[in-house]
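Residue numbers (this note's numbering), protein chains in the order written: chain A, 32 to 510; chain B, 32 to 510.
We put the beta carbon where it would ideally sit given N, CA and C, even for glycine.
All values derive from a computational prediction rather than experimental measurement.
Worksheet: one structure, shown below.
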């Protein structure tokens with residue numbers, strides 16, 4: 032048991048994800064290997080979001096990974112936003128290409144071109160598709176899962192006959208993200224609008240859900256963009272509207288990525304390792320035989336029966352039959368974030384009971400074997416809610432709404448640091464200028480996260496200029 | 032109703048996959064867009080193979096897409112095999128990279144490097160993983176789904192403590208591929224070993240399952256490679272064996288790809304369009320209201336009930352409520368390969384019946400609405416088997432085992448062409464030399480497909496040299 036999480040959160044994170052066997056470093060700059068448990072977390076996120084897409088009749092497709100250079104140049108803001116991070120394919124074998132291809136940072140341009148071929152009339156609208164894909168942004172600073180040169184994501188793209196319809200989709204997706212992240216990942220999020228300087232390159236409006244890590248820093252957990260007619264104009268996506276006139280469509284795009292895996296670790300993890308919400312934990316139940324179990328074959332037989340009956344209930348269960356000591360096994364499975372542990376030895380067999388330990392609680396409990404399956408299902412459900420509730424409490428403890436000047440902000444940061452606490456999220460008044468945002472960032476490292484739809488307090492004065500605030504904004508340090 | 036499939040099979044294929052909305056061309060050389068139905072076929076293949084992997088405890092992972100140049104160069108045969116087809120990432124933004132990265136054609140090298148870190152002792156073995164990924168091979172001739180510059184696949188990689196264990200895995204996977212392709216895709220396959228000239232670059236032995244398209248040409252539908260210690264030596268993957276000695280592991284790799292989608296179309300499709308095995312058809316059941324159904328709301332209500340009760344049985348069902356005529360709808364859904372069509376109008380309502388048309392049969396049938404759900408489930412099952420059986424019959428009609436000389440082969444090809452028939456698969460004797468293979472290819476365009484495990488006939492004389500045959504081999508023209 033260490034105190035590393037408090038002392039050096041980044042170090043704790045990097046050690047934990049490797050020790051827990053979620054990932055490994057690769058020889059490719061800023062790219063990681065997703066090991067089986069790390070990848071499975073992503074699979075569960077995919078399953079969950081695919082279910083939502085199905086309810087919306089939004090179908091999955093796949094576009095080529097490469098984007099011709101002249102495509103990216105069609106929407107000016109878009110190419111400017113991504114230019115320094117774009118990796119380029121310039122030759123094949125020994126032959127240089129006539130036109131280089133970019134490894135996609137996102138697919139609005141290629142999809143815009145396709146939409147211009149596929150969409151003719153309002154009857155074709157809304158045209159709504161999604162793809163699961165790898166994307167590339169060659170950023171200077173990388174951090175496993177949270178920011179990697181190659182990452183995996185989902186990108187949805189829709190075209191609509193009216194601004195209203197497109198804006199509805201933009202907001203519906205934001206709420207779908209919030210639901211997935213809160214209900215499935217047990218991570219509370221702040222819903223709101225990005226400021227213009229943090230907007231997606233080429234968007235009219237960008238909305239985000241933001242999550243607070245255990246160290247008080249923010250992760251942008253999902254974004255939904257209303258693109259207006261910008262890409263429709265750049266790619267000539269026109270449709271015959273209900274008045275029999277040709278008009279540009281209104282588009283949206285939206286994404287969540289493998290950075291959600293990083294958020295999972297950073298929101299729920301503790302000194303012992305991963306704590307994973309039962310809904311996505313690769314191992315929901317770990318069964319550990321204890322005592323002289325090898326001499327008493329009935330122990331393992333009963334655990335195998337239990338495994339089978341839990342698997343029947345669609346639970347992900349493993350039995351640890353290695354030669355390691357129980358203590359070693361307990362630590363290992365705590366590290367890997369198995370949600371619930373069942374210990375079972377000769378004395379338990381005699382008493383027709385098992386010992387249950389929830390990953391996020393300290394106490395163990397003895398439970399009768401009769402009906403233990405239902406009890407386990409119930410406890411996993413309770414744990415899922417408990418993780419969310421305790422994250423909410425932590426969020427609340429780290430939200431600060433009484434800071435009105437830059438000096439107060441600096442003092443708050445200093446004080447937090449000295450007390451070994453996290454500076455967290457700060458709600459400020461903002462006059463709507465980029466200068467103010469730049470000044471905050473320069474002097475404190477805090478950046479605007481989003482303009483919440485329902486701020487807990489309305490702030491009236493800009494934190495830097497002292498001018499009347501146009502918006503109330505969450506600011507924080509961010510990953 | 033045309034006769035295009037017989038007259039110009041390639042043209043039929045290209046028209047059909049576009050008209051049926053499976054794909055579209057993209058502005059990226061040799062890369063296609065997978066539209067929703069095309070992509071969904073791949074999703075069903077993924078679901079199916081993932082189920083198999085789970086039974087084997089082989090878990091999914093994800094490796095970076097980029098491969099450092101010096102990695103590829105470590106295994107000599109491997110780099111030679113892929114060199115001319117490798118696309119290279121050479122710069123980011125405006126900055127040239129110190130070492131170029133290849134877009135992966137396959138991942139043995141990166142995974143070999145990882146294995147060398149992860150594997151220490153025989154206790155770690157077998158180490159078995161799989162990944163679903165996009166890969167790149169910049170081939171000169173491309174064909175949608177069958178051969179594209181970027182394609183999607185599954186690549187499994189395993190390491191073992193003995194040749195025996197690795198060879199077992201190699202063969203088990205080949206059989207798993209055969210099962211998936213035969214049972215789920217209803218495509219019979221020829222199991223066998225590749226000749227050395229058709230072997231995977233760096234492998235000791237390559238095995239394949241080969242499928243016969245409707246035009247008699249072959250598609251290599253899946254391959255499984257025994258890699259021996261070649262990659263283990265190149266990447267120094269050593270383990271402590273049971274005798275406490277350091278030894279190189281024995282590895283395997285194996286893959287199936289989105290070319291299976293092309294095979295599906297080319298094996299089952301007909302003049303009316305796609306014919307898809309029910310197990311993978313995106314639309315298993317299409318419900319079409321007929322007659323003056325808009326005036327009689329009960330028609331649509333009953334179809335909606337039927338849709339709901341079929342969805343309850345996990346069927347993929349759609350109702351076509353467009354304004355198009357029934358005839359138009361029938362053609363459209365035949366084109367798209369909906370497996371079973373239900374027609375339902377006022378008279379059917381009166382008679383408590385519906386009309387059912389199976390995609391692969393010409394006749395329609397009137398069926399009582401009572402218990403129609405079970406009947407539909409049963410008919411889909413029957414159709415799945417029927418498609419497989421009729422493919423088997425077609426295979427048998429196009430297999431030729433009585434050709435012993437190159438002249439006979441040429442005559443056979445000429446005769447088939449003149450009769451409007453397909454030359455199909457020819458079983459020949461082979462003396463084991465590359466010269467013979469080269470000669471056959473040069474003079475007929477036929478290539479060796481594989482050396483079948485159980486040839487219908489043993490051939491004794493090489494078709495070119497007239498020398499004693501070492502092997503009996505299937506040859507065919509191939510995609």
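Contacts of residue i in chain B (Cβ-Cβ under 9 angstroms)
| i | result |
| --- | --- |
| residue 482/A | Neighbours of residue 482/A on chain B: none; closest Cβ ~31 angstroms, over 9 angstroms. |
| residue 124/A | 114, 115, 116, 117, 118, 119, 169 |
| residue 15/A | This structure gives no information on residue 15/A, because the portion of chain A shown stretches from 32 to 510. |
Own chain residues within Cβ distance below 8 angstroms of residue i, not counting five before or after
| i | result |
| --- | --- |
| residue 448/A | 454 |
| residue 63/B | 54, 55, 56, 57, 175, 176, 179 |
| residue 437/A | 470, 471, 474, 475, 494, 495 |
| residue 451/B | 37 |
| residue 200/B | 157, 159, 189, 191, 283 |
| residue 487/B | 430, 432, 458 |
CB-CB length for residue i against residue j, believed under 8 angstroms
| i | j | result |
| --- | --- | --- |
| residue 390/B | residue 370/B | 5 angstroms |
| residue 72/A | residue 306/A | Contact doesn't hold; Cβ gap of about 13 angstroms is too wide. |
| residue 170/A | residue 229/A | Not quite, the Cβ-Cβ distance comes to about 15 angstroms (not below 8 angstroms), so this is no contact. |
| residue 340/A | residue 404/A | 5 angstroms |
| residue 338/B | residue 408/B | Not a contact, Cβ separation roughly 14 angstroms. |
| residue 375/A | residue 246/A | Wrong, their Cβ atoms sit about 37 angstroms apart, outside the cutoff. |
| residue 289/A | residue 182/A | 5 angstroms |
CA nearest to the CA of residue i, picked from the options
| i | options | result |
| --- | --- | --- |
| residue 291/B | 258/B, 303/B, 251/B, 320/B | 251/B |
| residue 234/B | 363/B, 365/B, 110/B | 110/B |
| residue 74/A | 153/A, 139/A, 108/A, 163/A | 163/A |
| residue 158/A | 280/A, 181/A, 247/A | 280/A |
| residue 499/A | 507/A, 435/A, 506/A | 435/A |
| residue 411/A | 81/A, 66/A, 217/A, 68/A | 217/A |
| residue 432/A | 503/A, 375/A, 425/A, 82/A | 503/A |
| residue 135/B | 124/A, 137/A, 141/A, 128/A | 124/A |
| residue 225/A | 505/A, 45/A, 481/A | 481/A |
| residue 299/A | 492/A, 146/A, 242/A, 86/A | 242/A |
| residue 418/A | 244/A, 67/A, 308/A, 297/A | 308/A |
| residue 69/A | 49/A, 82/A, 81/A, 88/A | 49/A |
| residue 112/B | 287/B, 168/B, 478/B | 168/B |
| residue 295/B | 479/B, 166/B, 44/B | 44/B |
| residue 195/A | 275/A, 259/A, 187/A | 259/A |
Bridge-paired residues (DSSP) for residue i
| i | result |
| --- | --- |
| residue 458/B | 505/B |
| residue 375/A | 320/A |
| residue 178/B | 174/B |
| residue 257/B | 236/B, 283/B |
| residue 184/B | 164/B, 288/B |
| residue 224/B | 238/B, 482/B |
| residue 446/A | DSSP, once it has assigned bridges, lists no residue as partnering residue 446/A. |
| residue 127/A | 122/A |
| residue 57/B | The partner list for residue 57/B (beta bridge, DSSP) is empty, contrary to what the question assumes. |
Residue i: contacting residues in chain A (beta-carbon distance under 9 angstroms)
| i | result |
| --- | --- |
| residue 368/B | Correct list: empty, because the minimum Cβ distance to chain A is about 16 angstroms. |
Contact list for residue i against chain B, beta-carbon separation under 8 angstroms
| i | result |
| --- | --- |
| residue 174/A | Per Cβ cutoff of 8 angstroms: no residues; residue 174/A is ~15 angstroms from chain B at best. |
| residue 90/A | 67, 70, 71 |
| residue 183/A | 93 |
Close Cβ partners of residue i (< 7 angstroms) along its chain, the five nearest in sequence each way excluded
| i | result |
| --- | --- |
| residue 231/B | 237, 254, 256 |
| residue 131/B | 100, 119, 120, 121 |
| residue 153/B | 192, 270, 271, 272, 273 |
| residue 334/A | 318, 320, 350, 375 |
Proximal residues to residue i (C-beta, below 6 angstroms), its chain only, five neighbours per side dropped
| i | result |
| --- | --- |
| residue 172/A | none |
| residue 209/B | 220, 222, 240 |
| residue 304/A | 47, 51, 365, 366 |
| residue 293/B | 176, 177 |
| residue 61/B | 173, 179, 180 |
| residue 215/B | 79, 310 |
| residue 465/B | 228 |
| residue 267/A | 147 |
Interface residues of chain A facing residue i [CB-CB closer than 8 angstroms]
| i | result |
| --- | --- |
| residue 58/B | 99, 102, 141, 144 |
Amino acids of chain A, ordered along the chain, whose beta-carbon sits closer than 7 angstroms to that of residue i
| i | result |
| --- | --- |
| residue 267/B | By Cβ distance, chain A contributes nothing, its closest Cβ being about 14 angstroms from residue 267/B, past 7 angstroms. |
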